[in-house]
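Note sheet for the following structure.
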Amino acid sequence: MLEKLEDKRYKLERDWAIGSSLTNNYWISNKDMNPQGDLFGGTLLSYVDETIAMLCIKTTCRKCVTVAVKDVHFIKPVKVGDLLIITTTISKVGNTSLEVQFTSDRMNIHSVPEKVAEGTFVMVAIDEDNRPTSEWSENCRLQISKENSEEPLQP
Numbered sequence: 025m026l027e028k029l030e031d032k033r034y035k036l037e038r039d040w041a042i043g044s045s046l047t048n049n050y051w052i053s054n055k056d057m058n059p060q061g062d063l064f065g066g067t068l069l070s071y072v073d074e075t076i077a078m079l080c081i082k083t084t085c086r087k088c089v090t091v092a093v094k095d096v097h098f099i100k101p102v103k104v105g106d107l108l109i110i111t112t113t114i115s116k117v118g119n120t121s122l123e124v125q126f127t128s129d130r131m132n133i134h135s136v137p138e139k140v141a142e143g144t145f146v147m148v149a150i151d152e153d154n155r156p157t158s159e160w161s162e163n164c165r166l167q168i169s170k171e172n173s174e175e176p177l178q179p
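This note's numbering puts the sequence shown at residues 25 to 179.
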């Protein structure tokens, strides 16, 4: 029973990370295109993975790796000259893992942003030996607290 209470308390201590987000922008060029003139889906996923990794590293102060792509929906094509806007948000936190949702929008000088893809990735924080770790740095929690409010969040 005590073990279950400790696990629950530990999970609650991580709730401060839920809602943390990061946005990156990518200018799409010819090198990113498939023969049909659209952005390669794999290139879009690479940009998403990079943005999600940045968010998770910023949140945990640990190296983070992708362990699952739960779902991805491609909605519209992206063309040369479009600005690809990737927004990532942590939606769930486990002992070593973070579930991160993303949306990707495209925009150019002739249009307003419109959604082109969305989905969910699962990341895991790892230690120096590349093993999953639940030891996140207190400095990360304090930094995110500082960015989101005036007072540090209490564990």
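From the three backbone atoms N, C-alpha and C, an ideal C-beta is built for every residue, glycine too.
Original post:
Can you tell me whether DSSP reads Val-91 as helix, strand or coil?
Top reply: As a working note, residue 91 is residue 67 in the sequence shown. DSSP places Val-91 in strand when its eight states are reduced to three.
Original post:
At a cut of 8 Å, does the stretch 56-63 reach the stretch 74-90 through at least three beta carbon pairs?
Top reply: They do not touch, by the three-pair rule.
Original post:
With burial defined as no fewer than 16 other Cβ atoms inside 10 Å of the residue's Cβ, what is the status of Asp-151: buried or exposed?
Top reply: As a first step, residue 151 is located in the sequence shown; it is residue number 127 there, counting from the start. Classification for Asp-151: exposed.
Subject >> Neighbourhood of Trp-160 by C-beta, 7 Å cutoff - its chain only, sequence neighbours within 5 removed >> reply: Taking the first residue of the sequence shown as position 1, residue 160 is located at position 136. So the list reads Thr-84, Cys-85, Arg-86 and Ala-149, once near-sequence residues are dropped.
**OP:** Using a threshold of 8 Å, state whether the C-beta atoms of Met-57 and Val-96 are closer than that.
**Re:** On the sequence shown, residue 57 is found 33 positions in, with the first residue counted as 1. On the sequence shown, residue 96 is found 72 positions in, with the first residue counted as 1. For Met-57 and Val-96, no; Cβs fall outside 8 Å.
Original post:
Buried or exposed: where does Val-124 fall if 16 or more other Cβ atoms within 10 Å of its Cβ makes it buried?
Top reply: Taking the first residue of the sequence shown as position 1, residue 124 is located at position 100. Buried, because 16 or more other Cβ atoms sit within 10 Å of the Cβ of Val-124.
Subject >> Coil, strand or helix - Leu-36 by DSSP >> reply: Stepping through the sequence shown from its first residue, residue 36 is reached at position 12. At Leu-36, the pLDDT of 46 sits below 50, so the modelled position is not reliable and the matter cannot be decided from this model.
**OP:** Would you list the one or two residues that DSSP bridges to Asp-129?
**Re:** Locating residue 129 in the sequence shown gives position 105, counting from the first residue. For Asp-129, which the question treats as bridged, DSSP gives the partners Ile-109 and Lys-139.
**OP:** Using the Cα positions of Val-93 and Phe-145, report the straight-line distance between them to the nearest angstrom.
**Re:** Start at 1 with the first residue of the sequence shown, and residue 93 comes out as number 69. Start at 1 with the first residue of the sequence shown, and residue 145 comes out as number 121. Near 4 Å, if we compare the C-alpha coordinates of Phe-145 and Val-93.
**OP:** Kindly indicate which three-state DSSP category Glu-123 falls into: helix, strand or coil?
**Re:** Start at 1 with the first residue of the sequence shown, and residue 123 comes out as number 99. In this structure, Glu-123 counts as strand in the three-state DSSP scheme.
Original post:
So what's Ser-44 in DSSP terms, helix, strand or just coil?
Top reply: In the sequence shown, counting from the first residue as 1, residue 44 sits at position 20. It is coil, neither helix nor strand.
**OP:** Name the two residues that bound the continuous alpha helix (DSSP H) containing Gly-65.
**Re:** The sequence position of residue 65 within the sequence shown is 41, counting from 1. Following the DSSP letters along the chain, one finds Gly-65 inside the alpha helix (DSSP H) bounded by residues 65-84.
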